[in-house]
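Down below is the structure, laid out as structure tokens.
Residue numbers (the numbering used here): 672 to 768.
Here it is, written out as structure tokens:
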């Protein structure tokens, strides 16, 4: 429960910069489309997660599933700071080409 609170408090520190970065880098004419696609992808992932983890929860205890997915996300978090494109994207004058 304590870890869930910590993650919940930390989420805005990742979501806000990501949203600001999109607003700064995407042309104003395309912002609505980009945010629409992001919302659509987020909504589409929920049923996909249920398709995968629903049957898996019948085989493996839910606690182990939560622990396993948490470990995977934790490990993934170590690789994101090494992504040079993500690091450079927030700097002024960034051009991805």
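For each residue, glycine too, the CB sits at the ideal point set by N, CA and C.
- Taking C-beta atoms as the reference points, residue 705 and residue 693 count as a pair closer than 8 Å.
- C-alpha of residue 739 to C-alpha of residue 732: approximately 11 Å in a straight line.
- Secondary structure at residue 732: coil, using DSSP grouped into helix, strand and coil.
- The C-beta separation of residue 724 from residue 736 comes to about 6 Å, placing the pair in contact by the 8 Å criterion.
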